[in-house]
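Encoded as structure tokens, the structure appears first; notes follow it.
In UniProt numbering, the protein residues as written are 1 to 227.
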């Protein structure tokens, strides 16, 4: 098969496995990949999955979100389940999306980072713990410098800007959830289990450049380069 045709084919169809609220108006589970019919014909460039919601970006930089309680948690109005893949209209051309437990971050082509949804422990990075149902610009140092990578954990977020890593949100809440078998914290990499409602820089020493960042439920990983 011609490589260009194969690439075009792969970008034209988005598959999902698991809870089928992400696919075709059904609220049942799926155990094998199936095409999301409402996105057929749309070339998807980037995709992310949260706890019970998903998001994707098409070749025109438009953002679609869908899934269980997508309306309430990540912002659409009145229905609980969004299966049609609504377009998020208050954003310029977008290039990357990341989904947390119940929040979403979107990176635009000009390096602006926007977030919305549940804001427990300050995971949106907007300087408060207020819930936002529409995109809001992430505050603090990321207002002044372009962001190149973003990743969301359960209730924390991490981003790369100018080779530096910034984290915010749930730091462990002074041991919250430790009695339930979860980690007592540390996922922000800031030396404590304190929550941060705005991005804070993670220090690695001198001559270090961050290349990639990825958040798990309550841990964070990064690829760094020593220069």
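Ideal Cβ placement from N, Cα and C applies to all residues, glycine included.
Distance, residue 43 Cα to residue 8 Cα: Below a pLDDT of 50, predicted positions are generally treated as unreliable, and residue 8, at 41, falls in that range; no measurement from the model is reported.
Per-residue DSSP class, three states only, for residue 225: strand
Cβ neighbours of residue 223 in the same chain (closer than 6 angstroms, five flanking residues each side left out): 211, 212
Residues that DSSP places opposite residue 149 in a beta bridge: 160
Residue burial classification, residue 188 (beta-carbon count within 10 angstroms, cutoff 16): buried
Classification of residue 98 by the beta-carbon crowding that lies within 10 angstroms, buried from 16 upward: buried
Spatially closest choice to residue 226 from 217, 209, 149, 190, by CA coordinates: 209
Top-ranked residue by Cα proximity to residue 144, from 95, 195, 112, 219: 112
Presumed contact (8 angstroms Cβ cut-off) between residue 50 and residue 94, rounded CB distance: Not really, about 16 angstroms apart at Cβ, beyond 8 angstroms.
Where the beta strand (DSSP E) containing residue 99 begins and where it ends: 94 to 99
Proximity of residue 193 and residue 171 at Cβ, strictly below 8 angstroms: yes
Given residue 152 as reference, the closest of 89, 198, 185, 167 once Cα atoms are compared: 167
Helix, strand or coil at residue 6 according to DSSP, with G and I counted as helix: Summary for residue 6: the model assigns pLDDT 41, below 50, so the residue's position carries little reliability; its value from the coordinates is reported in the next sentence. Residue state, collapsed to three classes: helix.
Host beta strand (DSSP E) of residue 58 (start-end): 53 to 58
Burial state of residue 180 (16 or more Cβ within 10 Å): Model confidence at residue 180 stands at a pLDDT of 49, short of 50, so the residue's coordinates are unreliable; what they give is reported in the following sentence. Flag for residue 180 reads exposed.
Cβ neighbour criterion (16 or more within 10 Å) applied to residue 205: exposed
Residue 202 versus 218, 195, 164, residue with shortest Cα-Cα distance: 164
Pairwise C-alpha distance: residue 66 and residue 220: 25 angstroms
Exposure label - residue 108; buried when at least 16 CB within 10 Å: buried
Through-space distance from residue 150 to residue 191, alpha-carbon basis: 21 angstroms
Spatial distance of residue 154 from residue 101 (CA atoms): 4 angstroms
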